[in-house]
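These notes concern the structure reproduced below.
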Amino acid sequence: MFQSPTLPEDLETIPMCYRYFHDPPELVTIMLGSNGRHIGYFRDRPNEEPILVVESNPNESGALRVLGTSIFAVTKSFLSALASSEKILSSMDQFIEESKFILPQSDEIIKQRKKRCVCSTLSEIGLVVPLKGDIGYRPLTMTYAKLIKVLQSAINAPNEDKQLSCLEPIDELITHSQFACDEGDFGQAIELGLSLLAFHPKGLPVDRANCLNSRIKHLLSVGYELAGYPEFVSVIVQHMRDRRIDPPTLKHIISFS
Numbered sequence: 001m002f003q004s005p006t007l008p009e010d011l012e013t014i015p016m017c018y019r020y021f022h023d024p025p026e027l028v029t030i031m032l033g034s035n036g037r038h039i040g041y042f043r044d045r046p047n048e049e050p051i052l053v054v055e056s057n058p059n060e061s062g063a064l065r066v067l068g069t070s071i072f073a074v075t076k077s078f079l080s081a082l083a084s085s086e087k088i089l090s091s092m093d094q095f096i097e098e099s100k101f102i103l104p105q106s107d108e109i110i111k112q113r114k115k116r117c118v119c120s121t122l123s124e125i126g127l128v129v130p131l132k133g134d135i136g137y138r139p140l141t142m143t144y145a146k147l148i149k150v151l152q153s154a155i156n157a158p159n160e161d162k163q164l165s166c167l168e169p170i171d172e173l174i175t176h177s178q179f180a181c182d183e184g185d186f187g188q189a190i191e192l193g194l195s196l197l198a199f200h201p202k203g204l205p206v207d208r209a210n211c212l213n214s215r216i217k218h219l220l221s222v223g224y225e226l227a228g229y230p231e232f233v234s235v236i237v238q239h240m241r242d243r244r245i246d247p248p249t250l251k252h253i254i255s256f257s
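Next comes the structure, spelled out in structure tokens:
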């Protein structure tokens, strides 16, 4: 059922494997479904253990759905819905009993993380940034509803000149975020960058949103660098250089239905 992936010779390309169109640097794919649907580990800081297991369906939206905090528990939940999985479920229960394995208190972990979130972003999973008192984050000056409306108008623009005109409010937000970064509130740049990354155009091919890539790279490179997350900077720079609907793959990956 499980196979070890064949790693590419260029190890720097590994973070791009199975990195789908809307995936933020915080997400690493660990299981694949059909039509781009995937499950991954999510961590708020690059050197932390994964705190969440999330699901993404990039063909439908840029939202991330929290499934739990343990891949073991999430897998057990999936199998419980399958009539043919009684044997493996029995083996999992036996493992839990014999090893005295304790499943994490997912509800409490998720609840505590929500308390630390400074905003939701368009991905809806929330953003946690390191704060020093009140320094580290300030809210965007535009609602998410307005942000989506502005971005959709830019994607719908018939030509590049019109698109640039439609993006002027976004460029104004970027300027504000630069001022915020200068004053220590780098979280605003991360919020805006992640929201642009999660934006999913309506009625048009999703890759029309690639016109936002340079802005996403700038916002998140600056924000993550100031947050002390250079690993995330490396990932977003690579991703925005080659942002695909169908990402690079390894030879083998765990699959789920």
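Read in order, the letters of the sequence shown are residues 1 to 257 in the UniProt record's numbering. Each residue gets a CB set at the ideal place from its N, CA and C atoms; glycine is no exception.
**Report entry** Cα-Cα separation between C181 and E225, rounded to whole angstroms
**Finding:** About 11 Å.
Report task. Taking S56 as part of the beta strand (DSSP E), name the residues at either end of that continuous run. Result -> Bounds of the beta strand (DSSP E) holding S56 are L52 to S56.
Query raised in the report: Which one of L151, V150 and G184 has the shortest CA to CA distance from K132?
Result: Considering only alpha carbons, the answer is G184.
Query raised in the report: Using the beta-carbon count (16 or more within 10 Å), is T143 buried or exposed?
Result: Its Cβ having fewer than 16 others within 10 Å, T143 is exposed.
Query raised in the report: Do P46 and E231 come within 8 Å of each other at the CB atom, strictly closer than that value?
Result: Judged by beta-carbon spacing, P46 lies within the 8 Å limit of E231, meaning their Cβ atoms are closer than that value.
Query raised in the report: Does the Cβ-Cβ distance between G193 and L220 come in under 8 Å?
Result: Yes, the pair counts as a contact, with Cβ atoms nearer than the cut-off.
Query raised in the report: Below 8 Å between beta carbons: does that hold for V222 and F21?
Result: With respect to F21, V222 sits apart: the two C-beta atoms are not nearer than 8 Å.
Report task. Please name the residue or residues paired with residue 334 in a DSSP beta bridge. Result -> Outside the modelled stretch of the chain, which goes from 1 to 257, sits residue 334, for which no answer is possible.
Query - Host alpha helix (DSSP H) of T75 (start-end) - result: Here the alpha helix (DSSP H) through T75 covers I71 to S80.
Query raised in the report: By how many angstroms is the C-alpha of Q152 removed from the C-alpha of residue 308?
Result: Since the first and last residues shown for the chain are 1 and 257, residue 308 lies out of range.
Query raised in the report: Going by beta carbon distance, what residues of the same chain come within less than 6 Å of M16, once the five residues before and after it are set aside?
Result: Q238 and P248, listed in sequence order.
**Report entry** Neighbour-count burial assignment, L52, 16 or more Cβ in a 10 Å radius
**Finding:** Buried: at least 16 other Cβ atoms inside 10 Å.
Query - Exposure of F44, with buried meaning 16 or more beta-carbon neighbours within 10 Å - result: One detail in the question is off: residue 44 reads as Asp in this sequence, not Phe. Per the 10 Å Cβ criterion, buried.
Report task. Report the three-state DSSP secondary structure of H200 (helix, strand or coil). Result -> In the structure shown, H200 sits in coil (DSSP, three-state: anything other than H, G, I, E or B).
Query raised in the report: Are I125 and V66 closer than 8 Å when you measure CB to CB?
Result: In contact: I125 and V66 (Cβ atoms closer than 8 Å).
**Report entry** Own chain residues within Cβ distance below 6 Å of L27, not counting five before or after
**Finding:** Only G40 and F42 meet the Cβ criterion.
Report task. State the Cα-Cα distance for the pair F179 and A189, rounded to the nearest angstrom. Result -> Their backbone Cα atoms lie some 10 Å apart in a straight line.
Query raised in the report: Whose C-beta lies closer than 7 Å to the C-beta of S120 among residues of the same chain, with five residues either side of it excluded?
Result: If we look at S120 and ignore the five residues flanking it on each side, its Cβ neighbours are G126.
Query raised in the report: Who pairs with L27 in a beta bridge, going by DSSP?
Result: Beta-bridge pairing by DSSP links L27 to F42.
Query - Cross-strand partners of R65 (DSSP beta bridge) - result: DSSP lists E55 as the bridge partner or partners of R65.
Query raised in the report: CB S106 to CB T69, shorter than 8 Å?
Result: Closer than 8 Å, so yes.
Report task. Please confirm whether G83 and L103 have their CB atoms less than 8 Å apart. Result -> Strictly speaking, residue 83 in this sequence is Ala, with Gly absent from that position. Cβ distance not < 8 Å, so A83 and L103 don't count as in contact.
Requested in this report: Check whether the Cβ of E108 lies closer than 7 Å to any heavy atom of the ligand NAP, and answer yes or no.
Outcome: Here there are no bound small molecules, and the ligand NAP is not part of this structure.
Report task. To the nearest angstrom, report how far apart S85 and L79 are at their CA atoms. Result -> Each residue's Cα considered, the two are about 6 Å apart.
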